Structure formats: C-alpha cells, structure tokens
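K.L.:
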Ligand SMILES: *Cc1c(COP(=O)(O)O)cnc(C)c1O
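In the working numbering, the protein residues as written are 2 to 383.
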C-alpha cells in the first residue's frame, strides 16, 4: 500500500479543481503582467480580481481587503510589523505559529512592548491574563495595541474564543489579528461578525497551491508598506502578482466555502474513529488539546515512546511530532510546553492531520500500524 498521508496540518494536497483553474494561466499564451495596459494584462488583472472576490467571500470581507502575500508566514509578518504605531504594544498567545512568535524580537528592537499571553491546559488563551496585558498596553498611551491570536492551533487543534477576545480588545482600544490558516478548511469564519481587523490565510493549507497566501485588512486599518519599490496592491505589498497562484488561491477559497461544513463533519468523524481505535488499543494514551477542536487534528501522547524514533520505523505513515515547522529539530513543542506538558511528554507526542482526501481505510490502517509499532517498541502495555 502506498504511503498514508496524515500530515494535512503541515500541507494539503492540491485539489484537482484548483489545478484545473490554474492550468490555463501557466500556458505561454497567458503571458501578461497584470499591471500592463493591453488585453493580456487586463485578462490577468480581471482573473486576479475575481480571485480576490472568492478569498474575501470565504471570510465575509470585501475584495479590497485582500492583500496577496507569498503565504501565511509573510501575511503574519506584515500584520505584526506593518500596523503598529510607534511605541504601541503587541500581545500574542503562547501557542502562536513560529511565524508570529518570530516577529517579537524585531518588534522589541523597534521599541514596541511585547507580551506573550499564557494559555490553559487545553491551549486556550487565558482571558484574565489577556485583560491584564491589555490594560498595561492601553496605559502606555501610544496608539492602539495589536492582539494576535490564532483561530485554531496547528499542533493541538484547539479553537480560540475569538469573539470574546475581540470584545475584550475593543474595550481597550486594541486591534485584533488572527492567523486563521488552520480553521478555514473546515469551519465558517466571518471577519466582521467576529470583529477581526486582520486575518491571515495560506493556499497550501486549503488544498490550494504553495507560495501564495493573503492578509485581509479591514477598512480603516493602516498597513505600512514593507518595502519601498513598486506600487502594486496600493503599495501595501508591492511586487508583480503571480496570476496563476492568485487564481489558485481564489479557487481553493471558493471550494472551501462550498465544502467547509460537509468536510468538517466528515473529517471530524474520521478523527473520532482514529482516536477510538488508538484509545482502545493503547492504554495510557492521552489526547492533547480540546476535544471539540479542529476537525482534522488529533494530537496524542503515548507514554514511554520516543515519537521521532517511532516514526523512523514507520516510513509508510506521514505524521508529525510536535510542530511540522520544527521536524528534524529536537526542541520540544512550544505549544505543548505552554499547555503545561513536560519536555518528556512532548517527545512522546504525535500529531495526526486529516484532510479532504483522507479515507476511513487509511485511518484504520494507520492506527493498526502505529499500534503494532508501539507494541514492538515496548510502549503502552496492551
Ligand atoms: C502553515 C502555517 C503557517 C505558515 O503558512 P505558510 O503559508 O506555509 O507560510 C502559519 N500559521 C499556521 C497556523 C500554519 O499552520
């Protein structure tokens, strides 16, 4: 049997419909800079505008809110480094993606106070700690603080209470950015209803292409140009737009909007099936993150195993230990540590990422192979 791909939280396979939408734009006849004043340029520009419409519609925003980027890493960086007034504070949760946490040293270098807001044992932001940090940020009196809290965590799948977070932030005059990369394929998310000012998304986490993402910016929020050159996208993110990738992201968002509810239900049922099998076979196994979390995420600790060693013996299973962005790196997951787990537990943890193409037989086969490998390795007595 071919490899079983259960790493959809790290990257998802391109949907054939997205590939079909992109193909004409890679053909030689499609040459044309979307800025050019001739029919080929106009066609490219029109296709990009249509894509903006699909991207905006997925999150209830206006097409003008969409700023194309190379992915969510760049979108997160733009949100954090491009919106703060001089001296204004930035507050992020302890379980953010490394692309958010990695901005903090640069923010401090530029004179912005930064706070990492702790989370509970399920990885949910502590509202009291957030409120205290917001009060300090507002007292600095240097312009609105920025709060960045992800919609759903990419390691343990915990969903953050965004509506409550934006309500708290608003009371203290702060803006809110959310890295919504993981939530969008299986959950509905409406920026205006949630009161979000900024939102990041990524093509390859949505069965779309790699190398493209977007930052959505609410009307009235100023985004400082990150580089001086070029005037594209109103100067908010200059550079010639890749027509095929923009069209692919649009198609991926259109599909996600049509399918999120059904995909969410089906994938959550597969995740529950996987957990039921593992729990029945491996005594002592524990689940990390809230049980009603992201449909495609199952993060478990299997006491006594070394997750990295175990996966080396299971090349037919594509899974992750800790965060995908850190594989090959022995650092324990910052998310599990923030949730109060020990480094030892983190090294005994595995993350399954299920997605649109996952089938029940794959889940059963993966569970059987993993259980056999754990038994061989001497973990979890039957
Ligand atoms: C994958 C991921 C990112 C980074 O997205 P890229 O488009 O790969 O740069 C950011 N945040 C979360 C939660 C992710 O899962």
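Don't be surprised by glycine CBs; every beta carbon is placed ideally from N, CA and C.
These numbers come from a predicted model, not from an experiment.
(1) Suppose only complete runs of 3+ residues qualify. What are the beta strand (DSSP E) ranges in the stretch 37-90, listed by chain order?
(2) So who's on the other strand from residue 96, going by DSSP bridges?
(3) Taking all protein chains shown into account, do 16 or more other C-beta atoms lie within 10 angstroms of the C-beta of residue 6, making it buried, or fewer, making it exposed?
(4) With distances taken between CB atoms, is the gap from residue 85 to residue 148 smaller than 7 Å?
(5) I'd like to know whether the C-beta atoms of residue 242 and residue 56 end up nearer to each other than 7 Å.
(6) Can you tell me where the beta strand (DSSP E) with residue 180 in it begins and where it stops?
(7) Taking only the alpha-carbon atoms, compute the straight-line gap between residue 308 and residue 379 and give it to the nearest angstrom.
(8) When the Cα atoms are used, what is the spatial distance from residue 327 to residue 4?
(9) Once the 5 residues before and after residue 317 are set aside, which same chain residues still bring their CB inside 6 Å of it?
(10) Within its chain, find whatever has a CB closer than 6 Å to the CB of residue 166; leave out the 5 residues flanking it on each side and keep chain order.
(11) Could I get the ranges of all uninterrupted alpha helix (DSSP H) runs contained in the stretch 225-261, with 4 residues as the minimum, in chain order?
(12) In this structure, what does DSSP give as the bridge partners for residue 377?
(13) Measuring from the CB of residue 300, is there a heavy atom of ligand 1 at a distance below 6 Å?
(14) Looking only at its chain, what residues have a beta carbon closer than 7 Å to the beta carbon of residue 51, apart from the 5 residues adjacent to it on each side?
(15) So is the beta-carbon of residue 73 under 6 Å away from any non-hydrogen atom of ligand 1?
(16) Does residue 326 come out as helix, strand or coil in the three-state DSSP assignment?
(17) Could you check whether the stretch 131-140 touches the stretch 176-190, counting it as contact only if at least three pairs of C-beta atoms, one from each stretch, sit closer than 8 Å?
(18) With a Cβ-Cβ cutoff of 7 Å, do residue 197 and residue 70 count as a contact?
(19) Tell me the DSSP bridge mates of residue 298?
(20) Using only the alpha-carbon positions, how far apart do residue 375 and residue 306 sit?
(21) If you measure between the beta carbons of residue 214 and residue 61, is that distance less than 7 Å?
(22) Kindly examine ligand 1 and report whether one of its heavy atoms sits closer than 6 Å to the Cβ of residue 180.
(23) Whole beta strand (DSSP E) runs in the stretch 153-197 with 3 or more residues, listed along the chain?
(24) Within this structure, are the beta carbons of residue 319 and residue 8 separated by less than 7 Å?
(25) Run through DSSP, which three-state label would residue 137 get?
(26) Measuring from the CB of residue 155, is there a heavy atom of ligand 1 at a distance below 6 Å?
(27) Taking residue 109 as part of the alpha helix (DSSP H), name the residues at either end of that continuous run.
(28) Which same chain residues, not among the five before or five after residue 226, have their C-beta less than 6 Å away from its C-beta?
(29) Would the stretch 88-104 and the stretch 335-348 be scored as touching if the rule is three or more Cβ pairs under 8 Å?
(30) Could you check the C-alpha separation between residue 278 and residue 59 for me, to the nearest Å?
(31) Around the Cβ of residue 21, are there at least 16 other Cβ atoms within 10 angstroms (buried) or fewer (exposed)?
(32) Secondary structure at residue 274, three-state DSSP: helix, strand or coil?
(33) Quick check: the Cα distance between residue 43 and residue 37, rounded to an integer number of angstroms?
(34) Please determine, among 182, 194, 160, the residue with the shortest C-alpha to C-alpha distance to residue 295.
(35) Got a sec: does ligand 1 put a non-hydrogen atom nearer than 6 Å to the Cβ of residue 234?
(36) Here's a check: name, in chain order, each residue in its chain whose Cβ is nearer than 6 Å to the Cβ of residue 158, leaving out the five neighbours to either side.
P.N.:
So, from the listed chains and residues:
(1) 67-70
(2) The sequence position of residue 96 within the chain shown is 95, counting from 1. According to DSSP, residue 96 bridges with nothing at all.
(3) The count along the chain shown starts at 1 and reaches residue 6 at position 5. Looking at its Cβ environment, which holds 16 or more other Cβ atoms inside 10 Å, residue 6 is buried.
(4) In the chain shown, counting from the first residue as 1, residue 85 sits at position 84. In the chain shown, counting from the first residue as 1, residue 148 sits at position 147. Result no, Cβ atoms of residue 85 and residue 148 do not sit closer than 7 Å.
(5) The residue given as residue 242 occupies position 241 in the chain shown. The residue given as residue 56 occupies position 55 in the chain shown. Contact: no.
(6) Reading the chain shown from its first residue, position 179 is the one you call residue 180. Residues 176-180.
(7) Within the chain shown, the letter at position 307 stands for residue 308. Within the chain shown, the letter at position 378 stands for residue 379. Whole-angstrom Cα-Cα distance: 13 Å.
(8) Within the chain shown, the letter at position 326 stands for residue 327. Within the chain shown, the letter at position 3 stands for residue 4. Only weak support is given to the placement of residue 327: the predicted model assigns it a pLDDT of 46, under 50, and the value that follows is read from those uncertain coordinates. Cα to Cα, residue 327 sits roughly 22 Å from residue 4.
(9) Locating residue 317 in the chain shown gives position 316, counting from the first residue. Closer than 6 Å at Cβ, skipping near neighbours: 4.
(10) Numbered from its first residue, the chain shown carries residue 166 at position 165. These residues qualify, in order along the chain: 150.
(11) none
(12) One-based indexing of the chain shown puts residue 377 at position 376. Answer by DSSP bridge pairing: none, since residue 377 is not bridged.
(13) Sequence index remark: in the chain shown, residue 300 carries index 299 (1-based). No, the Cβ of residue 300 stays beyond 6 Å of every heavy atom of ligand 1.
(14) On the chain shown, residue 51 is found 50 positions in, with the first residue counted as 1. Answer for residue 51: 251, listed in chain order.
(15) Start at 1 with the first residue of the chain shown, and residue 73 comes out as number 72. Because some heavy atom of ligand 1 lies under 6 Å away, the Cβ of residue 73 counts as near it: yes.
(16) Here residue 326 refers to the residue found at position 325 when the chain shown is read from its first residue. Caution applies to residue 326, whose pLDDT of 43 falls short of 50 and renders its modelled position unreliable; the model cannot decide the point.
(17) no
(18) On the chain shown, position 196 is the one that residue 197 refers to. On the chain shown, position 69 is the one that residue 70 refers to. Not in contact: residue 197 and residue 70 (Cβ atoms no closer than 7 Å).
(19) Taking the chain shown and counting its residues from 1, the one referred to as residue 298 is at position 297. DSSP, once it has assigned bridges, lists 354 as partnering residue 298.
(20) To locate residue 375, count along the chain shown from 1; it is residue 374. To locate residue 306, count along the chain shown from 1; it is residue 305. Residue 375 and residue 306: Cα-Cα distance of roughly 7 Å.
(21) As a working note, residue 214 is residue 213 in the chain shown. As a working note, residue 61 is residue 60 in the chain shown. Cβ distance not < 7 Å, so residue 214 and residue 61 don't count as in contact.
(22) The residue labelled residue 180 in the question sits at position 179 within the chain shown. Yes, the beta carbon of residue 180 sits closer than 6 Å to at least one heavy atom of ligand 1.
(23) 176-180
(24) Taking the first residue of the chain shown as 1, we reach residue 319 at position 318. Taking the first residue of the chain shown as 1, we reach residue 8 at position 7. It is a contact, given that the beta carbons lie within the stated cut-off.
(25) If you number the chain shown from 1, residue 137 lands on position 136. Note: residue 137 maps to helix in three-state DSSP.
(26) Walking along the chain shown from the start, residue 155 turns up at place 154. Correct: residue 155 has its Cβ closer than 6 Å to ligand 1.
(27) Here the question's residue 109 lines up with position 108 in the chain shown. Residues 105-110.
(28) Position 225 of the chain shown, counted from the first residue, corresponds to residue 226. Correct list, in chain order: 236.
(29) yes
(30) Locating residue 278 in the chain shown gives position 277, counting from the first residue. Locating residue 59 in the chain shown gives position 58, counting from the first residue. C-alpha separation (whole angstroms): 34 Å.
(31) Translated into positions along the chain shown, residue 21 becomes position 20. So residue 21 counts as exposed.
(32) Against the chain shown, residue 274 aligns to sequence position 273. In the structure shown, residue 274 sits in a helix (DSSP, three-state: H, G or I).
(33) The residue labelled residue 43 in the question sits at position 42 within the chain shown. The residue labelled residue 37 in the question sits at position 36 within the chain shown. If I take the Cα positions, the gap works out to 7 Å.
(34) Counting from one through the chain shown, the residue named residue 295 turns up at place 294. Out of 182, 194, 160, 160 has the C-alpha closest to the C-alpha of residue 295.
(35) Residue 234 sits at position 233 when you count from the first residue of the chain shown. For ligand 1, not one heavy atom lies less than 6 Å from the Cβ of residue 234.
(36) As a working mapping, residue 158 is identified with position 157 in the chain shown. Cβ neighbours of residue 158 beyond the five flanking positions: 290, 294, 295, 298.
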